[in-house]
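> Residue numbers (my numbering): 214 to 479.
Backbone N, C-alpha and C define an ideal beta-carbon position, used for all residues, glycine too.
Just so you know, these numbers come straight off a predicted model, no measurement behind them.
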Ligand SMILES: [Zn+2]
Ligand SMILES: [Zn+2]
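1) Measure from the alpha carbon of residue 398 to the alpha carbon of each residue in 358, 385 and 458, then state which is nearest.
2) Thinking C-alpha only, which one of 326, 404 and 437 is nearest residue 244?
3) Specify whether the stretch 304-316 and the stretch 328-342 touch according to this definition: at least 3 beta carbon pairs, one from each stretch, less than 8 Å apart.
4) For the candidate residues 394, 383 and 328, whose alpha-carbon lies nearest to that of residue 374?
5) Sort 301, 368, 323 and 376 by Cα distance to residue 354 and report the nearest one.
6) Measuring alpha carbon to alpha carbon, tell me which of 287, 271 and 363 ends up nearest residue 471.
7) Alpha carbon to alpha carbon, how far is residue 218 from residue 307? Give it in angstroms, no decimals.
8) Measuring from each Cβ to the nearest heavy atom of ligand 1, keep the ones under 7 Å and list them in chain order.
9) Compute the beta-carbon to beta-carbon distance between residue 254 and residue 224, rounded to the nearest angstrom, for a pair I have assumed lies under 8 Å.
10) CB residue 367 to CB residue 430, shorter than 7 Å?
11) If you follow the alpha helix (DSSP H) that residue 428 is part of, which residue opens it and which one closes it?
12) For residue 439, tell me which candidate among 387, 251 and 233 has the shortest Cα-Cα distance.
13) Among the residues of its own chain, which have a CB less than 7 Å from the CB of residue 271, if the five just before and after it don't count?
14) Is the CB-CB distance between residue 316 and residue 296 below 7 Å?
15) What does a CB cutoff of less than 8 Å around residue 391 pick up in its chain, not counting 5 residues either side in sequence?
16) Which value, in whole angstroms, describes the spacing of the CA atoms of residue 230 and residue 241?
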C-alpha cells in the first residue's frame, strides 16, 4: 500500500495529466492515497511558465474526483508552493482563505533566477551554488511557516554540470542542521522525492545522508512523493524509498488526510 504525496495534474502548467487519469493509474499501482499538489509559483523568473493556480476550478475538480473515487482512492487537496524571499507575504495571503490539507514548500528559484537556467550557475562552483540555494531555503522557511514538508530539499542537485552531484551534510557546515532543526522545532518535515531517478541522479531527493541526519536530529514528519507529471511516474521507486526511510531510522511515514499529521508504520 502506497501513499503518493506529490503529484501534478494539468492544473500545473507543466503537466497534461488530468485528475481522473491520475486516480485510475494510482489505483492500478496499489496506491491508496494521493496528495495532488499542483504548482503555485508567484513571480517565477522564467516568463515562459506561469505557475498560477485557478484555486476555485482546482478545488472543484478535486472535490468531484473525491466523490467519483470514494472508497477506492483517498484524495488529499494539496499544493506545492514556490518560495522566494520577496513573495512570502503574498504566499501567506494566498493560503489564508483556502482549505488545503497538505502543503509542500519548494525553492525553485534563488536570487531571482530559476535553477535550471544557466544564469544561476554562472561563475559559481558546486559548493557556492549549493550553499546559496540552502541559505535561501533556510531564510524562507524561517519566515514562512504555512506548510507541512519541504519539497525535494536538495533540488539544486538536479542542475549544474557537475560530475559529482551528491550533497553531504558535512560539506555545508551546520547549514543543513539549521534547516532540519527549524523544521523539527515547528512541526514541519521533509519528503522523499523519487524524481531524482528521472534526472540521472541515481538517487532520491534527498538521498540517505541527509535523511539519516534529519532523523538523528529528531525528524519525524516524512512523506514520499513521485513528483509525477504523467501517469507513468506515479508511485515510481516507492519500494526503494520505503527501504531508504527504514535504513535512515524511520519507523513511520506521514500522511495528512485531514490537514494534521497521521503516522503509518513502514
Ligand atoms: Zn518542485
Ligand atoms: Zn513538484
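On the basis of the data shown:
1) It is 358.
2) For the residues 326, 404 and 437, the minimum Cα distance to residue 244 belongs to 437.
3) With the cut-off at 8 Å, the stretch 304-316 and the stretch 328-342 do not touch.
4) Here the closest residue by C-alpha is 328.
5) Minimum Cα distance to residue 354 is reached at 301.
6) Of the listed residues, the one whose Cα sits closest to residue 471 is 287.
7) One alpha carbon belongs to residue 307, the other to residue 218, and they sit about 21 Å apart.
8) In chain order, the hits are 293, 319, 321, 364, 365, 368 and 440.
9) Actually they do not touch by this definition, with Cβ atoms about 13 Å apart.
10) Contact flag unset, no.
11) For residue 428, the uninterrupted alpha helix (DSSP H) segment begins and ends at 421-429.
12) The option with the nearest alpha carbon to residue 439 is 251.
13) Leaving aside the five residues that flank residue 271 on each side, the residues in its chain whose CB is nearer than 7 Å to its CB run, in chain order, 224 and 251.
14) No.
15) Within the same chain, 351 come within 8 Å of residue 391 by CB-CB distance, once the 5 residues on both sides are set aside.
16) Cα to Cα, residue 230 sits roughly 16 Å from residue 241.
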